[in-house]
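Taking our numbering, I'd label the letters of the sequence shown as residues 2 to 221.
First comes the structure, then the notes that go with it.
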Amino acid sequence: MGNTEDKGSNYLLEVDEPLVLPVGKKVRFLVTANDVLHAWWVPALAVKRDAIPGFINEAWTNATETGVYRGQCAELCGRDHGFMPIVVNVVEEADYKTWMADKQAEAAEIKKLMEQTFSMDELVERGKTVYNRSCVACHGANGEGGVGKPIANSPIATGEVAQHINVLVNGVPGTAMQAFGGQLNDVDLAAVVTYTRNAFGNNMGDKVQPIDVYNFKKGQ
């Protein structure tokens, strides 16, 4: 959550994308991982399953009461283990259908955007929003750095575009720079790369389109 938002007692345990389930319905989980061993654990739902790369574990639950159920990765999986909370919102059937419809519409909109060619102004405007939401805490409001390295005049933001995309998608092992390839969609990734290559005095003039990010991922 953003630092400007009101914080409750669980603010360090909030997530961007909570899992939403309908109340009173048996739900099947398919659990896996794409990097290392994790464990998906929500005590109040009586679910704990190892998440193993290349293997799918199954579990199920039937929540009988609406509410917020919290969990955590239960496997010491690496440096980001402490930042892997789980939030499950159990809602009424009508609310679940509304949520599902909204998510389907969102996915359709992203697919539509993937097929577009954006202007520099459009990319920079969207990229600035993404930067202020996902990057500013580490890299600073003016790209001056802090927890993360400076972006202003950095060899990444002024170097090869492909390497810049690679850093955003895959992160940098052994540093605080995490992989955003699974956190941001290709439109937002393209926008924030474009923004950081043209902000903070970098002025590279490069435009990165969503299809460029998609092709990079596909070619890995």
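Cβ coordinates follow ideal geometry from the N, Cα and C atoms, glycine included.
Among the bridge pairs identified by DSSP, T33 is matched with none. Counting only unbroken stretches of 4 or more residues, the alpha helix (DSSP H) elements lying wholly within the stretch 174-221 are 187-199 and 211-220, in sequence order. In this structure, M85 is the residue among G182, M85, A64 and T67 with its C-alpha nearest to the C-alpha of C74.
If you look at Y70, you'll find it in the beta strand (DSSP E) that goes G68 to C74. Separation of the CB atoms of L31 and E59 is rounded to 6 Å, and the pair is thereby assigned contact status at 8 Å. Looking at V89, T195 and L185, the one whose alpha-carbon comes closest to that of H165 is T195. Taken through DSSP and simplified to helix, strand or coil, I53 comes out as coil. From the listed residues M178, D51 and N167, the smallest Cα separation to V137 is found for M178. When secondary structure is reduced to three states using DSSP, E59 falls in the strand class.
Beta-bridge analysis with DSSP links W41 to R50 and C74. Around the CB of D189, 16 or more other CB atoms lie within 10 Å, so the residue is classed as buried. When the alpha-carbon of D207 is set against those of R198, A34, V131 and N143, the nearest one is in R198.
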